[in-house]
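Report on one structure; see the data block that follows.
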Amino acid sequence: MKAYSKLMGVVVVMTILVSAISLPFFALAQDYTLLEKSVLPAEQASDGKVDFATYIESGFKTFLAVVVIIAIVMLTASGLQYITAGSGGGKGEAKNRAMAALLGLLIALSAYLILRTINPDLVDLTLDIANRGGDAGRPGAAANPPQQPTDPNAGGNNPQPGSGELLNEQDARKQLDDAGIKVNNPNPCPEGESFQDYTERTGGHCTTLEGIPDTAIDGVIDFKNKSGCNNSVMVTGGTEKGHSTHGQGKAVLDIDDTACVNSYIVDQGNFLRRNNKGWNYYELNGDIYVHEGDHYHIIFTGN
19 MKAYSKLMGV VVVMTILVSA ISLPFFALAQ DYTLLEKSVL PAEQASDGKV DFATYIESGF
79 KTFLAVVVII AIVMLTASGL QYITAGSGGG KGEAKNRAMA ALLGLLIALS AYLILRTINP
139 DLVDLTLDIA NRGGDAGRPG AAANPPQQPT DPNAGGNNPQ PGSGELLNEQ DARKQLDDAG
199 IKVNNPNPCP EGESFQDYTE RTGGHCTTLE GIPDTAIDGV IDFKNKSGCN NSVMVTGGTE
259 KGHSTHGQGK AVLDIDDTAC VNSYIVDQGN FLRRNNKGWN YYELNGDIYV HEGDHYHIIF
319 TGN
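Counting from 19, one number per residue, gives the positions in the sequence shown under the working numbering.
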């Protein structure tokens, strides 16, 4: 039992040391991109490559999962040994092995919960260095790093959308149409109805642009022209009811994450961080792009 306890103890201690010690070193290599496909369950680009930070995050989570799997395998093996053992010392050895596995699993889970209670970042391992102090003098670092946005639903200070002249529905749609940018519905959401209720009622989607600042319209047109995504930029969210960060007077839009759009943002944008929902944040031409699964949430700062 002592041998198994030592083994599980070493695994747990290594887990804690990896989270506490290795983070600064891995953060320095955040811009490095692996040349081969990742063997870990990490989010990969279309060419199969994955950035180093994402690779390390996935490796850390995989390591924690391995600890649990080892404990389960040991418990299963101990149970089989106990069932098949005779009346000799086999049963005692099986009990000792099972107790060691349970103890190791308990230590691992306790360490995880304690670290998460003290500071969730200790186990979240987001490798966020966008606003880390002292980077101004580091070779390759920007003198004025872009402001790091926070999760829109997690509080904190988000980058403020730019202001500008507020457009009515017709003018906003005409400017987009003239620029070759589509909207996911030719008509706005019914007045007073959220886009969620509209989707539940009709099975379709709707977008309202009433009261959108011209900063947002100019910004998405500029994005379309610079990206070269001539036929694949579609607005999927505007000022319609149902958003927590959209609304009249806010230079915020959602666009579909087509292959061209995604490729341009990932290749040309400055990666900021990934939050605990798996959303990737990018800075591009002074604006903030958040990949929220099936679309990009864009905060046009007007800078």
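Here a beta-carbon is modelled for each residue, glycine too, at the ideal position from N, C-alpha and C.
> For Asp274, which residues does DSSP report across the bridge?
Replying inline: Note: Asp274 is bridge-paired with His313 in the DSSP secondary-structure output.
>> As a quick exercise: from Met252, Thr135, Leu93, Ala103, pick the residue whose alpha carbon is nearest that of Ala119.
In response: When Met252, Thr135, Leu93, Ala103 are compared, the shortest CA-CA separation from Ala119 is found for Leu93.
>> Using only CA atoms, which one of Thr319, Asn288, Glu218 lies nearest to Asp236?
In response: Answer by Cα proximity: Thr319.
> Where does Val251 fall in DSSP's three states?
Replying inline: Note: Val251 maps to coil in three-state DSSP.
>> As a quick exercise: from Leu131, Lys295, Asn205, pick the residue whose alpha carbon is nearest that of Gly222.
In response: If we check each option's Cα against that of Gly222, Asn205 comes out closest.
>> Quick check: what's the CA-CA separation for Asn249 versus Asn294?
In response: Approximately 32 Å between the Cα atoms of the pair.
> alpha helix (DSSP H) containing Glu218: first to last residue?
Replying inline: Here the alpha helix (DSSP H) through Glu218 covers 213-220.
> So who's on the other strand from Asn288, going by DSSP bridges?
Replying inline: According to DSSP, which records beta bridges pairwise, Asn288 is partnered with Glu301.
>> Counting C-beta neighbours from all protein chains within 10 Å, is the total for Thr135 16 or more, i.e. buried, or is it exposed?
In response: With fewer than 16 other Cβ atoms within 10 Å, it is exposed.
> Looking at Lys242 and Ala197, is the spacing between their C-beta atoms short of 8 Å?
Replying inline: Yes, these two residues count as a Cβ contact at 8 Å.
>> So, with DSSP's three-state summary, where would you put Lys200?
In response: Note: Lys200 maps to strand in three-state DSSP.
> According to DSSP, which residues form a beta bridge with Val308?
Replying inline: In the DSSP output, where bridge partners are listed per residue, Val308 has Tyr299, His315.
> Where does Leu145 fall in DSSP's three states?
Replying inline: In this predicted model, Leu145 has a pLDDT of only 46, less than 50, meaning its place in the structure is not dependable; the value taken from the coordinates is given anyway. The three-state reading of DSSP puts Leu145 in coil, since its state is none of H, G, I, E or B.
> How many Å lie between Asp312 and Phe81 at the Cα?
Replying inline: Straight through space, the alpha carbons of Phe81 and Asp312 are spaced by roughly 29 Å.
> Mind checking Lys192: buried by the 16 CB within 10 Å criterion, or exposed?
Replying inline: Exposed.
> Span of the alpha helix (DSSP H) holding Ser245?
Replying inline: From DSSP, the alpha helix (DSSP H) with Ser245 extends over 232-245.
> Leu184 bridges to which residues according to DSSP?
Replying inline: Beta-bridge annotation (DSSP): Leu184 is paired with Pro231.
>> Tell me the rounded alpha-carbon separation between Leu302 and Asn186.
In response: Roughly 27 Å separates the two Cα atoms.
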